[in-house]
Amino acid sequence: MRVRQIRDALLKTPVGLLGLLSLAAQVVLSVWVVVSYPDDFGNRVWSNPIHWVDNPKAAPPAWIGRVDNQPRADHWQTVRGEPETVEEKGRNLIASWNIPYIVEEGAVPAFLALTVRDVRFEERAPLLALTLIRPDETRVSVLRHAVRGPREGEEGPYERHFDDPLRIQLSADESTLSSLQEFLAEEYGLQMDAEEIRPRVMDILFGVPDAAGDGFAPMSGEYTFLFQTATRVEGDGIGSVELVAGGDAFGRMGTDSIGRDLAQGLLYGLPTALVIGVVVALLSTSIGTVLGMASGYLGGAADTVIQRLSDIVANIPVLPLLIFLLFIIGPNLTVIIGILIAFSWPGLAIQVRVMVLHMRSSQLIEAVQSLGSSRWRVMYRHILPQIMPYFLAQIIFTAPSAILAEAGLSFLGLGDPSIPTWGQILEAGFRTGGVYVGYWWWIVPPGLLIVLVASTFMLLSLAIEPVVNPRLRQTRRAD
Amino acid sequence: MAPVLQVRDLYLHYADPAGVVKAVDGVSFELGEPGTALGFVGESGCGKSSAANAMLRMLPGNTARYEGEVWLDDVCVSALDAEEFRRTVRWRRMALVPQGAQNSLNPVMRVGKWLTEPVRQSRSSDIAPDALERQARGLLERVGLPAGAWNLYPHELSGGMKQRVMIAGALIFSPRLLIMDEPTSALDVSVQAQIMNLLKDLKAEGLSILFITHDIALASDICDRLAVVYAGQIAEIGSSEQILEQPAHPYTRRLLGSIPRLHDEALPEFIPGAPPDLRNLPGGCRFHPRCDVPLAVCPERVPVRLKAEAGQDVWCWLHDRTVNQVPLEVNSE
Amino acid sequence: MRNLIPLAVRALTMVGVFFVVLLLLVLTLGLTGFSDRILSSVVGEQIRVERTTLAETIRDPDELERVLAARKAELESFYGLDIPWQRRLPASVFRVMRLDLGEARSLRSFAGSSRIADIVLERLPNTILLMTTSTVIVALTGLAGGLYVATRPGSWIDRLVSGLAAVTYAIPTWWIGILLILVVSVHWRLLPSGGMYSTPPPEGGWLRFADLARHAVLPVLSMVLVSVGPYMYAVRTITLNIAQEDFVGMARARGLSEIRVRNAHILRVAAPPIVTGLIFGLAGSLSGSILIETVFNWQGMGRLYYDALAGTPDEGVIVALTFMFTLMYVAIRLLLETLYIFLDPRVSYAD
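Sequences listed follow chains Y, H and B, in order.
Quick note on our numbering: the first sequence kicks off at 1 and runs consecutively.
Quick note on our numbering: the second sequence kicks off at 1 and runs consecutively.
Quick note on our numbering: the third sequence kicks off at 1 and runs consecutively.
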């Protein structure tokens, strides 16, 4: 068996080619992810709830609407900087932003949130107001908010919400509730108390009372958000205003229960999985080969020690010990990789030793040795090349089990929190009960991706199996 | 009296991705009186072992063509259906000592059990267990194995011992015919001699032997008659003396010439060219590309059975006076 | 007699595994100070118990404190807390072996005990139940399927099994479990999504058993689905390889019937490597059961791992579990190795 045969098996069989193409695509995607994702994605972005606050929670992927034809609001988000108009009104300067928003048939958004950043003023704090102008020309005053004025001992100019944006969840805001109460009474003569309104804020904002009088029918059409600030002095004002209408569906892969964009996490998991698989496979296989060669070639006490050790390590029940060690040392990807390596080498060490023993007694090796080649030279020049194919095969065999092991550990809650992996996404989906309420988009894709990456390596090993184990190639039934 | 064994037009072809392997291609011969031995001699890969398998109907899964008649004591055993052949002929009347006895014993079965298994499994035999054991132990003693071998596993036996167990096993039903496929090729010379002596004794007791080997000298030691096999066919058949002293086929001559001899000036000659590929055989006489005296007719027509001497038949156009004896012109490109 | 030497070698290896793991546990615990904490909690618990009894006889609070402090020092020296952990190593090994690891922080046994040994041991039968059931099913179906497929090499069903083996090797068992919950329990509402009994559990032996069986379907199914393909493939490959051996052809040449050839020659010789396959499969199913118990809230030792890791970690429980799993693994391995060695007379195979 030669390395060349393995190369042929990979390049010239459909299975091998499929595996290689799939692996190549994964590597390219991984490189893109590593280059384009921010450093410290795990801590700063993924595990940071603030980052995901404007996303809908536990929303299915946006394309689901095309599958089940249910009306769903798309997730809508817009940021505006400079006001469109500024006019003087009495002692105030009124700056206005007109932000159009379209509601499709039956697709009322899940929530409404307003974020205002970088408020600056000289003396008097600006007043903020948001009005919703609806398709039927009715106007709902959604919010009136006064930015916090000067504190005792504070000197102007004053800055507010530079580091902590002012975020108001309009669908749950008390002042919105009372505005709506007023609006319903004036416009439709409906008397509802705050507790009645609270659960149907969005229905009221984007609908009209239905004929039966006990509910609200969605009103589709073009809405406009009119956002205004009232300031005293020129130069006072806000940096930006952001409006979010939460969708019932989000992005390519949906979101989890704290609104994380699963597509981002899933993509980020790819390079991590590949690195775990390849690093563990490469290092453990190298260790196994070196120890196996040493054991077979040196013989004597070294052989005995290495073989006994391999025997013991090969027979240790790995997962319980992994759990224990990770629990003690702490969840850290490097530690996970290190422990996986420490438990993956013995199989090859035993196998390589047997091969070296065979080769050592071969005529070629004996001849080379009698010509005075040094031990290490013989190992390097004559024995290593013959072991190479097994080395490569073993790398391919080991990689998927390392990936699965990390996923399993992550699922038990022992994953490295600073580096999100598919196992951790699954763990979150399981721990928070996403499984039991049928959040399939949270559960199915990460598992599928684990299977995809692991089975890519399985395809490769399937392709090279006839080379490594030629007896299986022709199996004929006798008689 | 009918001959012990008669084989007529035996064919065994295998299907192979690269073409049809014509391992046995129209073989006919007979083995006369009881207590005689016929040698099947030829280079490796010429189809000798396939002929043995064909006679025992041991057919691999990729068999493409299997036909011919096998007569054992006036009974056409090839006409029996598979199950009957198994129950009445195989091992009972025709037993095989295979090539490579090293792996022919079940690794997890003790020798005694293995030896008596076919009898114990046989529905037709009603021999008492202790009588069977006595008989089997007698056979072990006969082939020169210590009594203790009875309880051993194959991995505890040497190569020679395994070969003897195989022979003892083949004799358990006291068959009429023993087919021995290279029975000694893996053994060292002293063991080989012991086994040859054993075979001679068995022959003297009336056992007929088909002795398959690549070693023509060894074959002549025990065989009364020899058949020289080339590319799935018999090239020449005759008494051992005739084959050794006056070979009629050019291939036999080259085969004899390739044996190194003591006290001989002539160096052993090798046969030019490679043994033919059974998937892709030359037309006409299959030996003609390697023959040193080919005729013009040889590539054209398949030779027929011709009488060279009384009791010596040869498949070679050199012996047909009705054929134009013009040598083949060799293109020396 | 001949068989005892390889058996002894295997036994020695497994004992080696056992002690290496044990030593690793104790060393890690000592180095990280966990061992001290466990012992302190043992002492603390004992003092608390004694305080209530002593409080009835000693009225003076200062006197009580003094007596208790002396008692505490006595206990600490008894448990070796006054000497460095290295010197306590043998005692610690012994302590782990007896599961004498004190009290759990928040976990309780079903009966309410907080003794770690109680908590862990009462879970053992549940784990064994789940593992044995699925292993037996895998072994039986894998054996039957593998042997059947071996009679048809190259057929579509053969290729299906090979493909299945490769694919299932790449699927995490626990994910299959979650998918089954998602589809069978949540979407179809056919089977319970977790636990071992309904609440409240039905009365009566048979009803109770049926309830348990209903709860076991999905966890067992997930473990079987993932393990059966590779095992079937292994059985098939081993059988096919042996069917090509000379002695099988020879068995046919000796006029034996096909049934006899298959049973006495192919299967009998295939048995030892098939048992080996099962041994290796077992390592996988051990890990698999930890995760599957977690997914299905099966009240075994595997789920206990998850519970001990979540929230305030219960390190004593984790140590006990790691030890118990190792012990279980070593015991099953030894059992199967013994079986293997008596199946295969070839001594050389054993080492």
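Glycine included, every Cβ here is placed at the ideal spot set by N, Cα and C.
Since this is a predicted model, take the numbers as computed values, not measurements.
Boundaries around Trp-175(B) are those of the alpha helix (DSSP H), 173-180, since no beta strand (DSSP E) includes it. Sequence-distant Cβ neighbours of Asp-73(H) in its own chain, meaning closer than 7 Å and more than five residues away, are Ala-2, Val-4 and Arg-176. Sixteen is the threshold: when 16 or more other Cβ atoms of the shown chains lie within 10 Å of the Cβ of Ala-402(Y), as they do, the residue is buried. Remark: C-beta atoms of Ala-253(B) and Leu-96(H) approach each other more closely than 7 Å. Counting the other CB atoms within 10 Å of its CB gives Trp-156(B) a total below 16, which places it among the exposed residues. Closest by C-alpha distance to Gln-386(Y), out of Ala-399(Y), Leu-357(Y) and Gln-369(Y), is Leu-357(Y).
No Cβ of chain B is located within less than 7 Å of the beta carbon of Asp-256(Y). Annotation: Cβ neighbours of Ser-193(B) in chain Y (cutoff 8 Å, chain order): Val-435 and Tyr-436. Counting other Cβ atoms within 10 Å of its Cβ, Cys-76(H) stays below 16 and is therefore classed as exposed. Listed along the chain, the chain Y residues whose CB falls inside 7 Å of the CB of Tyr-305(B) are Ile-323 and Leu-412.
Nearest Cα to Gly-433(Y) within the set Gly-19(Y), Ala-58(Y), Gly-277(Y) and Gly-16(Y): Ala-58(Y). Taking one beta carbon from each stretch, the stretch 82-96 of chain Y and the stretch 18-29 of chain Y have fewer than 3 pairs nearer than 8 Å; the two do not touch. In this structure, the alpha-carbon of Gly-138(H) lies about 9 Å from that of Ala-168(H). In terms of beta-carbon proximity, Val-67(B) stays away from the interface with chain Y, with every pair separated by 7 Å or more. In terms of CA proximity to Glu-122(Y), Gly-156(Y) leads the group Gly-156(Y), Pro-109(Y) and Arg-151(Y). The continuous stretches of alpha helix (DSSP H) do not include Pro-157(Y), and DSSP gives it neither H nor E. Taking 8 Å as the upper bound for CB-CB distance, Leu-101(B) and Ala-234(B) are not in contact here, some 39 Å apart. Taking a contact as a CB-CB distance under 8 Å, the pair Val-228(B) and Thr-133(B) does not count as one, their CB atoms being some 13 Å apart. In this structure the stretch 260-276 of chain Y lies against the stretch 415-433 of chain Y, because at least three pairs of beta carbons, one per stretch, are closer than 8 Å.
Judged by beta-carbon spacing, Ile-450(Y) lies within the 7 Å limit of Ala-407(Y), meaning their Cβ atoms are closer than that value.
Beta-bridge partners of Asn-92(Y) (DSSP): Lys-89(Y). The DSSP-derived three-state label of Gln-246(H) is coil.
Judged by DSSP secondary structure, Phe-41(Y) falls outside any beta strand (DSSP E); it is assigned neither H nor E. Distance from Glu-56(B) to Leu-68(B) at the Cβ level is roughly 14 Å; contact not present, criterion being Cβ atoms closer than 8 Å.
Neighbours of Asp-344(B) in chain H, taken as residues whose beta carbon is under 7 Å from its own, are Val-108 in chain order.
In the DSSP assignment, Phe-225(Y) falls within the beta strand (DSSP E) that extends over 221-231.
Boundaries of the beta strand (DSSP E) harbouring Phe-121(Y): 119-121, taken from the DSSP string. Counting other Cβ atoms within 10 Å of its Cβ, Ile-234(H) reaches 16 or more and is therefore classed as buried. Between Arg-268(B) and Val-293(H), the CB-CB gap reaches or exceeds 7 Å.
Any Cβ of chain B closer than 7 Å to the Cβ of Ser-208(H) would place that residue at the interface, and such an atom is absent. With respect to chain B, the C-beta atom of Val-67(Y) has no partner C-beta closer than 7 Å. Comparing alpha-carbon positions, the option among Ser-174(H), Asn-151(H) and Gln-102(H) lying closest to Ala-186(H) turns out to be Gln-102(H). A Cβ-Cβ contact shorter than 7 Å links His-13(H) with Val-20(H). Secondary structure at Leu-22(B): helix, using DSSP grouped into helix, strand and coil. In this structure Ala-129(Y) is in contact with Arg-144(Y), their Cβ atoms being roughly 5 Å apart against a cut-off of 8 Å.
Identification of chain B residues near Arg-164(H) by a Cβ-Cβ cut-off of 8 Å yields none; the smallest Cβ-Cβ distance measures about 15 Å.
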